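Asker:
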Amino acid sequence: MSVYLIRHGIAQNFADTDFERELTTEGRIKLRDTFEVFADEIGKIKIKVYSSPLIRAVQTAEILCDFLNCEFEISDWLGYESYVDRVRKLKEDKDINYILVGHEPNISDCIYRITGKVEIISRGSIHIIKNAEIK
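Each residue of the sequence shown is one higher than the last, beginning at 118 in our numbering.
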């Protein structure tokens, strides 16, 4: 089991609310390029995809799932809470890999608190936490 943490793609700088910020055209293009390679790399593994409810994350998950030929579920906690405890609970299901589409600083905080690694989390980047790293 692995957990893939994906930061949403490049989004508008401004909208009426932070919740409503959408992906830019550049963001969509870069995500398609990234996800095309990612889909080939992970093949046909069993996955569950969860997305933050914020528009830019949902749009990122939609593009991802087009390449993976799967559905995703919106999870409120990916928008507003720390991911650490949730990722630790996912470890219990060793037969499924999880993809979580979310935001900064939640992703870097989760990686650091679980693995001790400091990683730069660019928009549209993919980061893997393997089961053995989850304590």
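Where a beta carbon is used, it is the ideal one built from N, C-alpha and C, also for glycine. Remember, predicted model here, so these are calculated numbers, not experimental data.
Counting only runs of 3+ residues fully inside the region 118-148, write out the beta strand (DSSP E) ranges in chain order.
Answerer: 119-124
Asker: Just grab the DSSP bridge partners of SER199 for me.
Answerer: Note: SER199 sits in no beta bridge, so no partner.
Asker: Report the rounded CA-to-CA distance for ILE180 versus HIS220, giving the unit in angstroms.
Answerer: Going from the Cα of ILE180 to the Cα of HIS220 covers about 16 Å.
Asker: For LEU132 versus GLY144, is the C-beta distance shorter than 8 Å?
Answerer: In the sequence under discussion, the amino acid at residue 132 is Ala, which differs from the Leu named in the question. Not a contact, by the Cβ cut-off of 8 Å.
Asker: Among the candidates GLU137, ALA249, PHE152, whose CA atom is the shortest distance from the CA of ASP210?
Answerer: Selection GLU137, ALA249, PHE152 evaluated against ASP210 yields ALA249 as nearest (Cα-Cα).
Asker: Find out if the Cβ-Cβ distance for the pair LEU207, TYR215 is shorter than 8 Å.
Answerer: Cβ atoms of LEU207 and TYR215: closer than 8 Å.
Asker: For GLU179, which of helix, strand or coil comes out of DSSP?
Answerer: helix
Asker: Output yes or no for whether 8 Å exceeds the beta carbon distance between ILE159 and VAL218.
Answerer: no
Asker: Roughly how many angstroms lie between the CA atoms of SER239 and ILE213, to the nearest whole one?
Answerer: Spanning the two alpha carbons is a distance of roughly 26 Å.
Asker: Can you tell me the Cβ-Cβ gap for SER168 and PHE189, rounded? I've got them flagged as a contact below 8 Å.
Answerer: 5 Å
Asker: Pull up the DSSP beta-bridge partners for VAL235, would you.
Answerer: BP columns for VAL235 are empty, so no partner.
Asker: Might you give, ordered along the chain, the residues of its own chain that have their beta carbon closer than 7 Å to the beta carbon of HIS125, omitting 5 neighbours on each side?
Answerer: ARG173, ALA174, THR177, VAL218, HIS220, ARG240
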